[in-house]
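To start, the structure under review is shown below, and the notes come after it.
Numbering (the UniProt record's numbering), first residue to last: 1 to 337.
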C-alpha cells in the first residue's frame, strides 16, 4: 500500500498491529489520553500516517460516549444576536480554543420556544460534551437546569440569583467604577448613568460600580435610565435623562452601543460632547472607535472571554477542576470624555 494513500479504510486493529501495541493503547493515543509512553505514542502516530487511517467519529462517539461537540447557548429574544459584534468576538475566541481541543462548536439560541426546547433536550440528553451559557437573565430556568445537568457547564458571566461553580466573567464592577471616577476627575459632578438590563448581572453590577464611585466622591447618584445594551435603547434613555436632568454634565453608559445612542441624542439636542456633556461607554467595540466623537470606554477582553470559557469547559470535560476566572478591564480614553 502506498504511504498515506489507502486503497480501503484502515482499521484501529491494523494501526495497533503495525505500531506493535495493543488496541487499547492505540485508542488512547488517538484520543489524546494521558499516561502513554512517548515511544508508543510515536509508533502509533507513524502507523496512522503509513496506513492513512482516519478515525470514525461515530464509532469514537459510541466508544467514548462523547459527541466531539461543545455548545454555546445564548439566551435571547433576537435571532440576529450572533451577528452582534460582542457575541461575534466571543465566538471567535471560543472556536479557536475548541479547535485546539479537537471539538467543534454548536451555536444555540433560545429566541423561540423551539430553540429553548432544543437546548433543554441538549442538556437532558447530553447532546454535547459540554455547554457554555451566556446572557442569562434573572429567573431563567436554563440556569438552574444547566447547574443540575450531568455534563460540564461553564457560564459566561454569573447569572442573577445563582452562584455557579464554574464561570468566566469580566470585572464589571471595577470597570464601571473606573469610568465614573474618570468623569469625576474631569470635574463633572452631575453624572447620570444609562444602565443595562436590571435582570442581568452585568446590568446590575455596572450600575453598582457607578453608585459606589459617586458615593465615594460625596456625590448623589442619579436614578438610572435603563436600556437593553442596544443603540436605540441608549438614545431613548439619554432623552429621558435630559428631560429629568437638563443640567447633567456627564454620562456613564453601560455599553458602547448605548453610549453611541446617547451621543446621537445629545447631538440632536444641541449638546456638545464633551464640552457640555462627557460620555463614557463600556465594551470597547468598533462602534466606540467610529462614533462621533470617538467614545471613551471601558475595554473588556471579549475574545479572551470566549477563549477562557472554552478552555475551562475543555478542562472540565477532561475531568479537571478549574478555578472561576474574572478578567480585568481598563479605561480607553478618546474624545468623548
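C-beta atoms are modelled at their ideal positions from N, C-alpha and C, and glycine is treated no differently.
- Message: Can you tell me which residues form a DSSP beta bridge with residue 39?
- Response: Answer is none; residue 39 lacks a bridge partner.
- Query: In chain order, what residues of the same chain have a beta carbon less than 8 Å from the beta carbon of residue 220, not counting five sequence neighbours either side?
  - Reply: 214
- Output the distance between the C-alpha atoms of residue 31 and residue 312, rounded to the nearest integer angstrom. 19 Å
- Task: Using three-state DSSP, classify residue 69 as helix, strand or coil.
- Result: strand
- Message: If I measure Cβ to Cβ from residue 10 and keep anything under 6 Å in the same chain, skipping five residues before and after, which residues do I get?
- Response: 51 and 53
- Message: Residues in the same chain with beta-carbon distance under 8 Å from residue 116, minus the five sequence neighbours each way, listed in chain order, please.
- Response: 110 and 142
- Query: For the putative contact between residue 281 and residue 253, defined by C-beta atoms under 8 Å, what is the C-beta separation to the nearest angstrom?
  - Reply: 5 Å
- Is the Cβ-Cβ distance between residue 198 and residue 206 less than 8 Å? no
- Where the beta strand (DSSP E) through residue 281 begins and ends: 278 to 283
- DSSP beta-bridge partners of residue 212: DSSP output for residue 212 lists no bridge partner at all.
- Query: DSSP three-state call for residue 245: helix, strand or coil?
  - Reply: coil
- Do you know whose CA, among 293, 107 and 287, lies nearest residue 266's CA? 293
- Item | Segment contact, 8 Å Cβ cut-off, at least three pairs: the segment 155 to 168 with the segment 293 to 303 | no
- Tell me, to the nearest whole angstrom, how far the beta carbon of residue 258 is from that of residue 168; I am working on the premise that it is less than 8 Å. The Cβ separation is near 23 Å, so there is no contact.
- Query: When the distance is taken between beta carbons, is residue 317 closer than 8 Å to residue 130?
  - Reply: yes
- Could you have a look at residue 161 and say whether DSSP puts it in helix, strand or coil? coil
- Query: Is residue 74 helix, strand or coil by DSSP?
  - Reply: strand
- For residue 167: DSSP bridge partner residues: 155
- Reducing DSSP to helix, strand and coil, say where residue 105 ends up. strand
- Query: In three-state terms, what does DSSP make of residue 298?
  - Reply: strand
- Message: Does residue 265 come out as helix, strand or coil in the three-state DSSP assignment?
- Response: helix
- Does the beta-carbon of residue 328 have 16 or more other beta-carbons within 10 angstroms, so that it is buried, or is it exposed? exposed
- Task: Quick one: grab the DSSP three-state call for residue 62.
- Result: Legend: pLDDT at residue 62 = 46, less than 50; position of this residue unreliable, value from coordinates given subsequently. Helix.
- Between which two residues does the beta strand (DSSP E) carrying residue 325 extend? 325 to 327
- Contact under 8 Å by Cβ, residue 89 with residue 306: yes
- Query: Do residue 337 and residue 222 have their C-beta atoms within less than 8 Å of each other?
  - Reply: no
- Task: Determine the direct distance from the alpha carbon of residue 175 to that of residue 288, and round the result to whole angstroms.
- Result: 16 Å
- Message: If you reduce the DSSP assignment to three classes, tell me which class residue 333 lands in.
- Response: coil
- Contact set for residue 234: own chain, Cβ-Cβ below 7 Å, skip 5 residues either direction: 194, 227, 253, 257, 258, 259, 260, 261 and 262
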